[in-house]
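A.B. asks: I have a structure I would like to understand better, so I am pasting it below and will then ask my questions one at a time.
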Amino acid sequence: TVGAVARDMAGHLAAATSTGGVTGKRWGRIGDSPIIGAGTWADDRACAVSATGSGESFLRVGVGHEIAARIRLSGESIDTATTAVLAEVQGLGGTGGVIVVGAGGHAAWHFTTPGMYRARTDSMNRREVAIF
Amino acid sequence: SRWSLMIHGGSGIITPDTLSAEGEARARAALDRALNAGEAILATGGSSLDAVEAAVRVLEDDPHFNAGRGSALGLDGTATLDAAIMAGDSRAAGAVAGVTRTRHPVSLARRVMDESPHVLLAGAGADAFSLDQGLEQARPDWFVIPERVYQLAAMKRDSADAFDVDMKYG
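Sequence order for the protein chains is A and B.
Each residue of the first sequence is one higher than the last, beginning at 4 in the working numbering.
Each residue of the second sequence is one higher than the last, beginning at 760 in the working numbering.
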């Protein structure tokens, strides 16, 4: 699974996710990636989210929308909301990761797996590529 | 005028034991190319929507990642692809599930958002919409790479199921 989240100069957020799913899938199994509110979500009032991991758990938690709702309704920071929601996913036996960018341009990644392919760049000249 | 871009290429049991130095170098180079594609748009005042689509297209084309070319294979040995995109200002959204012939599934999701009254299209209908919209098509075997064929065979041999393998092969 691959994804991207961004904030542009006008302050608008966007998210995109794309995946091949899981090896050996059958019966038309679909994970969280194409489900708006689960693997992909963007709302200028809160944040944009793209997720990767155990799709079934991310679906049941509604990860993207849940992170945004915690930020929008309870004023939580991106880091607090994201950590809490990934803990809910773990509570269902799932693991994975998310990338999140907020309305102010702050971006964060969190993951509960040994590694996640990830990278960032911004207008403050911060640029980073990481895997483990 | 602050802009920001973050991307991912999947998560899982990715450790120095499971990823070779050569694989790591290839992955880092692809992530860099995806950042460049998105940054070129954002740094010149372009939209976040165009930036996330451009970055994901780069990763869909890179066989190292489980999306587009290099996707994980279903039990039948074929690649069926899913993608979604969403704009934070209008909360417009587009998504496709189970598509088989569009080279860049994220661009098909964008087209669903821009050119249809729907949010999610699936299967043969979504493939037909892609043709109708004139998106770049690819033969199903374009998405299949030997490493994924091997992984599927290993899974079948070990009679594992998708859940087990998901965390091994991401």
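Even glycine gets a Cβ: it sits at the ideal position worked out from N, Cα and C.
Between the beta-carbon of A72 (chain A) and the beta-carbon of M845 (chain B), is there less than 8 Å?
C.D. replies: Contact flag unset, no.
A.B. asks: Is W762 (chain B) closer than 8 Å to D125 (chain A) when the C-beta atoms are compared?
C.D. replies: Closer than 8 Å, so yes.
A.B. asks: A49 (chain A) and A106 (chain A) - do their beta-carbons sit closer together than 8 Å?
C.D. replies: Contact flag set, yes.
A.B. asks: Count the other C-beta atoms from every protein chain shown that fall within 10 angstroms of the C-beta of Y120 (chain A), then say buried if there are 16 or more, exposed otherwise.
C.D. replies: With 16 or more Cβ atoms within 10 Å of its Cβ, Y120 (chain A) is classed as buried.
A.B. asks: CB G96 (chain A) to CB S53 (chain A), shorter than 8 Å?
C.D. replies: No.
A.B. asks: Step through the CB atoms of chain B and report whether any lies within less than 8 Å of the CB of R73 (chain A).
C.D. replies: With 8 Å as the cut-off, R73 (chain A) does not count as an interface residue toward chain B.
A.B. asks: State buried or exposed for E906 (chain B), treating a residue as buried only when at least 16 other CB atoms are found within 10 Å of its CB.
C.D. replies: Exposed is the call here.
A.B. asks: Apart from the five residues on each side of it in sequence, which residues of its chain come closer than 6 Å, Cβ to Cβ, to A881 (chain B)?
C.D. replies: So the list reads A856 and G857, once near-sequence residues are dropped.
A.B. asks: Pull up the distance between the alpha-carbon of D26 (chain A) and that of T837 (chain B), whole angstroms please.
C.D. replies: It should be pointed out that residue 26 (chain A) corresponds to Thr in this sequence rather than to Asp. Approximately 10 Å, taken between the alpha carbons.
A.B. asks: Does T83 (chain A) come within less than 8 Å of chain B when only Cβ atoms are used?
C.D. replies: Chain B contact via Cβ: absent.
A.B. asks: Any heavy atom of the ligand ATP closer than 7 Å to the CB of M765 (chain B)?
C.D. replies: You won't find the ligand ATP in this model; it holds no ligand whatsoever.
A.B. asks: According to the neighbour-count rule (16 or more other Cβ atoms, all chains shown, within 10 Å of its Cβ), is D47 (chain A) buried or exposed?
C.D. replies: Flag for D47 (chain A) reads buried.
A.B. asks: Would you verify that the beta carbon of H877 (chain B) is, or is not, closer than 8 Å to some beta carbon of chain A?
C.D. replies: Not an interface residue.
A.B. asks: Have a look at B:N795, B:R785 and B:S806 and flag the residue whose alpha-carbon is nearest the alpha-carbon of A13 (chain A).
C.D. replies: When each option's Cα is compared against that of A13 (chain A), the closest is B:S806.
A.B. asks: Should S21 (chain A) be flagged as near chain B, meaning a C-beta pair shorter than 8 Å?
C.D. replies: Yes, its Cβ sits closer than 8 Å to a Cβ of chain B.
A.B. asks: Tell me the residue span of the beta strand (DSSP E) that contains E131 (chain A).
C.D. replies: From DSSP, the beta strand (DSSP E) with E131 (chain A) extends over R130 to A133.
A.B. asks: Counting only runs that start and end within the region 50-126 of chain A, where is the beta strand (DSSP E) found for 3 or more residues in a row?
C.D. replies: List check, beta strand (DSSP E) in window: 50-56, 99-105, 110-114 and 118-125.
A.B. asks: Thinking C-beta only, is V66 (chain A) closer than 8 Å to I81 (chain A)?
C.D. replies: The answer is no: Cβ separation not under 8 Å.
A.B. asks: With C-beta atoms as the reference, is L840 (chain B) less than 8 Å away from P864 (chain B)?
C.D. replies: Result yes, Cβ atoms of L840 (chain B) and P864 (chain B) sit closer than 8 Å.
A.B. asks: Any beta carbon of chain E sitting closer than 8 Å to that of R63 (chain A)?
C.D. replies: Considering every chain present, this structure includes no chain E. Its protein chains are A and B.
A.B. asks: Ignore the nearest five residues each way along the sequence and tell me which others in F902 (chain B)'s own chain have a CB closer than 6 Å to its CB.
C.D. replies: Same-chain partners within the cutoff: R828, S830 and A838.
A.B. asks: Name the residue from A:G6, A:G118 and A:R123 whose alpha carbon lies nearest to the alpha carbon of H109 (chain A).
C.D. replies: H109 (chain A) has its Cα closest to that of A:R123, out of A:G6, A:G118 and A:R123.
A.B. asks: So, with DSSP's three-state summary, where would you put M845 (chain B)?
C.D. replies: In the structure shown, M845 (chain B) sits in a strand (DSSP, three-state: E or B).
A.B. asks: Measure from the C-beta of G94 (chain A) to each C-beta in chain B and report whether the shortest distance is under 8 Å.
C.D. replies: With 8 Å as the cut-off, G94 (chain A) does not count as an interface residue toward chain B.
A.B. asks: What is the DSSP secondary structure of D821 (chain B), reduced to helix, strand or coil?
C.D. replies: D821 (chain B): coil per DSSP, three-state reduction.
A.B. asks: First and last residue of the alpha helix (DSSP H) that includes V858 (chain B)?
C.D. replies: No alpha helix (DSSP H) holds V858 (chain B); the beta strand (DSSP E) holding it covers A852 to V858.
A.B. asks: In chain A, what lies closer than 7 Å to V855 (chain B) by C-beta?
C.D. replies: Result: P37.
A.B. asks: I need the straight-line Cα distance from L808 (chain B) to W112 (chain A), nearest angstrom please.
C.D. replies: The straight-line gap from Cα to Cα measures roughly 19 Å.
A.B. asks: Express the C-alpha separation of R75 (chain A) and L911 (chain B) in angstroms, rounding to a whole number.
C.D. replies: Taking the straight line from one Cα to the other gives about 42 Å.
A.B. asks: For a cutoff of 8 Å on Cβ pairs, would you count V66 (chain A) as touching chain B?
C.D. replies: Cβ-Cβ to chain B under 8 Å: no for V66 (chain A).
A.B. asks: Assuming I766 (chain B) is part of the beta strand (DSSP E), what are its boundary residues?
C.D. replies: Taken as a continuous stretch (DSSP letters only), the beta strand (DSSP E) holding I766 (chain B) covers S763 to G771.
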